[in-house]
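Chemist:
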Amino acid sequence: FNKVHPTYIREFKKEVSKNPYIHYTGFLSQNDLANYYAGASVFAAPSWFETTGLVYLEAAYAGSPSLVASGERAKEYLQDNAVYADPSSIDSISHALEKALKSPTVSKSFPKYIEANYTWERAGKELLNIYKSLI
316 FNKVHPTYIR EFKKEVSKNP YIHYTGFLSQ NDLANYYAGA SVFAAPSWFE TTGLVYLEAA
376 YAGSPSLVAS GERAKEYLQD NAVYADPSSI DSISHALEKA LKSPTVSKSF PKYIEANYTW
436 ERAGKELLNI YKSLI
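Count the sequence shown with my numbering and you get residues 316 to 450, in order.
(1) Pull the bridge partners of V383 from the DSSP assignment, please.
(2) For the pair the stretch 345-365 and the stretch 394-410, tell me if three or more CB-CB distances fall below 8 angstroms.
(3) DSSP state of Y336, grouped into three classes?
(4) Within 10 angstroms of the Cβ of V493, are there 16 or more other Cβ atoms? Answer buried if so, exposed if not.
(5) Count the other C-beta atoms from every protein chain shown that fall within 10 angstroms of the C-beta of A431, then say buried if there are 16 or more, exposed otherwise.
(6) Report yes or no: do the stretch 376-392 and the stretch 420-437 share at least 3 C-beta pairs separated by less than 8 angstroms?
(7) Inspect the beta-carbon positions of Y433 and L372 and report whether they are closer than 8 angstroms.
(8) Determine the burial state of G439: buried for a count of at least 16 other Cβ atoms within 10 Å of its Cβ, exposed for fewer.
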């Protein structure tokens, strides 16, 4: 959370504490984070503004059913290994959440796909190739 908005943080924690199915953990170490992903009933990030970051791949790698905002960027990474929702529609999010909870979304082979395609080594090689092509 942005520490500049303490009122928002207080309100968020208050609302989350009302629901026994939502757990606010605060900061987690990498090891703890992997365990939370693996134990989650669903990973939900139907955000309007987030870029498709590592969090999506981390959750999928751990096998967590994922609900993410619809859009080509997330689909490029997650393909059919997530449930997609319109972040501006409560109904869309609700239906997607039900779907993610009822059926697994991450295929058994997807973690191997992530290992093969989304590594820092591979990203570095691709960036180096781009630089070389510009020279």
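Ideal Cβ positions, reconstructed from N, Cα and C, are used throughout, including at glycine.
Modeler: The answer reads as follows:
(1) A360, Y399
(2) yes
(3) coil
(4) The structure shown does not extend to residue 493, since the chain is modelled only from 316 to 450, so the question has no answer here.
(5) exposed
(6) yes
(7) yes
(8) exposed
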